[in-house]
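Undergrad: Next up is a structure, given as structure tokens.
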Amino acid sequence: CVCEVDLTKVSHFTWTEENEERTMIDPNSKEDPKFKELIKVLIDWINDVLVEERIIVKQLEEDLYDGQVLQKLLEKLADRKLNVAEVTQSEIGQKQKLQTVLEAVHDLLRPHGWTIKWNIDSIHGKNLIAILHLLVALAMHFRAPIRLPEHVSVQVVVVRKREGLLQTTHRDAFDTLFDHAPDKLSVVKKSLITFVNKHLNKLNLEVTELETQFADGVYLVLLMGLLEDYFVPLHNFYLTPESFDQKVHNVSFAFELMQDGGLKKPKARPEGMDMPCGFKLNIRT
């Protein structure tokens, strides 16, 4: 599910680098009643806490990104004063303030086992998902007198600048695994290697590195034949591919075999399997 949108349609992002990635919430998810309720509950809570400061938050990503409101919120909740400049307009100053505020937040949360799902860049970049993770963690840590809606989930879209256009793809469970659970990722890798070798050992082949040994598509083709119990004619693929095009051919052919076997079309692009980021694609496939 990849589509392209004109750069002018995503005006609230500033894009500078080719292949730069940003995450945004799928527009349909923003209309989910539970998601709307979560935002309203958090905004009302912040405004109640900061009523004496005469601060009124109307939009989380626009009002919290520079660290000013977060500073006041944390000072009020933790009953402590942070050593930061009160008001700063420059990006550097805002990020310095955010760094101080987030370090104080992390000092409070980490000892209690919280997983940190935000950073300076995501908060300053107005990433609503990161801001929500932060606020929910604070609300729960300080036992806020509010009722958070349960089981709130949203579809997140990854947007990448490519040749002057923005390409969008939806994130899945693997993205979460890569970003937030590296310890669990190693367990998944071991399980996949065990599964693959159970079949490839029949051909006296063995895999030790998913990152590299599936990149040229050879093992992928052979694995499909073993799983589906058929022989793949050698003239249909390159057993010892020498060029990038031959590797792409092999992976494309393996993807065709998967679809013939009743599987959905893989999300990975064949030409991406042999790239530096190919490990993520290999594991998905």
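For what it's worth, the UniProt record's numbering labels the leading residue of the sequence shown as 1, then goes sequentially. Note that CB positions come from ideal geometry on N, CA and C, so glycine has one too.
Roughly how many whole angstroms lie between the Cα atoms of Pro-145 and Val-196?
TA: Those two C-alpha atoms are separated by around 51 angstroms.
Undergrad: Just to confirm the assignment, what range does the alpha helix (DSSP H) spanning Glu-209 have?
TA: Segment: none, Glu-209 is in no alpha helix (DSSP H) and carries neither H nor E.
Undergrad: Quick one: what's got a C-beta closer than 6 angstroms to Leu-220's C-beta in the same chain, skipping five residues either side?
TA: So the qualifying residues of the chain are Phe-214 and Ala-254.
Undergrad: Ignore the nearest five residues each way along the sequence and tell me which others in Val-187's own chain have a CB closer than 6 angstroms to its CB.
TA: Excluding positions up to five away in sequence, the list is empty.
Undergrad: Measure the beta-carbon distance from Val-101 to Leu-82 and round it to whole angstroms, keeping in mind my assumption that it falls under 8 angstroms.
TA: Confirmed, about 6 angstroms.
Undergrad: Which residues does DSSP list as the beta-bridge partners of Ile-146?
TA: The partner list for Ile-146 (beta bridge, DSSP) is empty, contrary to what the question assumes.
Undergrad: Drop a sphere of 10 angstroms on the beta-carbon of Lys-237, count the other beta-carbons inside from all chains shown, and report buried for 16 or more, exposed for fewer.
TA: As written in the sequence, residue 237 is Phe, which differs from the Lys given in the question. Phe-237 should be labelled buried.
Undergrad: Does DSSP put Val-188 in a helix, in a strand, or in coil?
TA: Three-state DSSP puts Val-188 in a helix.
Undergrad: Does the region 37–48 come close enough to the region 56–71 to have 3 or more Cβ pairs within less than 8 angstroms?
TA: With a cut-off of 8 angstroms, the region 56–71 and the region 37–48 count as touching, because enough Cβ pairs lie within range.
Undergrad: When the distance is taken between beta carbons, is Gly-261 closer than 7 angstroms to Glu-228?
TA: Contact flag set, yes.
Undergrad: Would you decide whether residue 286 is buried or exposed? Buried here means 16 or more other CB atoms lie within 10 Å of its CB.
TA: Outside the displayed span of the chain (1 to 285) sits residue 286, for which this structure offers no information.
Undergrad: Looking at Lys-97 and the ligand ZN, is the gap between the Cβ and the nearest heavy atom below 6 angstroms?
TA: Among the ligands in the structure shown, none appear at all, so the ligand ZN cannot be discussed.
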